[in-house]
Amino acid sequence: MSSTVELTKENFDQTVTENDFVLIDFWAAWCGPCRQFAPVYEKAAEENPDLVFGKVDTEAQPELAAAFGIQSIPTLMIVRDRVAVFAQPGALPEAALTDVIGQARKLDMDEVRKSVEEQQAAQGE
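This is the structure in structure tokens:
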């Protein structure tokens, strides 16, 4: 039984809206680094049962990949409180993935939202 959720355009918004911490692995079956990253991602999912680990097959879900501007795979994205707080292409080693999850857990989301609002306000001027 996989501890990851297959994300599609049908369930993506609901998954991100209903969960305050979602990790998303953008991948494809033909991608060697994606296949190497998969067991690391699965292990992290098992070790963090309180978080939602999603996978987006970029071949099956090209609209989702395009919506997030995914240029290369694998790409890992972390969404907290509907705000993307991390996005990085490349297969992360286990220690780096654990570190990124730890850093994302420690984020003060009030501060993140304030920063996003300030950036949006600055761009609107």
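With the first letter of the sequence shown counted as 1, position 98 gets the number 98 in the working numbering; the numbers rise by one all the way through.
Glycine residues also receive a C-beta, built at the ideal position from the N, C-alpha and C atoms.
Checklist entry - With a CB to CB cut of under 8 Å and the five nearest residues on each side skipped, what residues in its chain are close to L92? => result F37, V40, L76 and V100
Item to check | Sequence ranges, beta strand (DSSP E) only - wholly within the region 31-99, length at least 3 | outcome: 52-57, 75-80 and 83-89
Next on the checklist: Only counting the same chain, and skipping five residues up and downstream in sequence, which positions put a Cβ closer than 8 Å to that of M1?
Outcome noted: For M1, the predicted structure reports a pLDDT of 41, less than 50, and the residue's modelled location is therefore unreliable. The matter cannot be settled from this model.
Next on the checklist: Suppose the cutoff is 6 Å on Cβ atoms and the five residues either side in sequence are ignored; what does the same chain contact list for V5 look like?
Outcome noted: G54
Checklist entry - Does the beta-carbon of T58 have 16 or more other beta-carbons within 10 angstroms, so that it is buried, or is it exposed? => result buried
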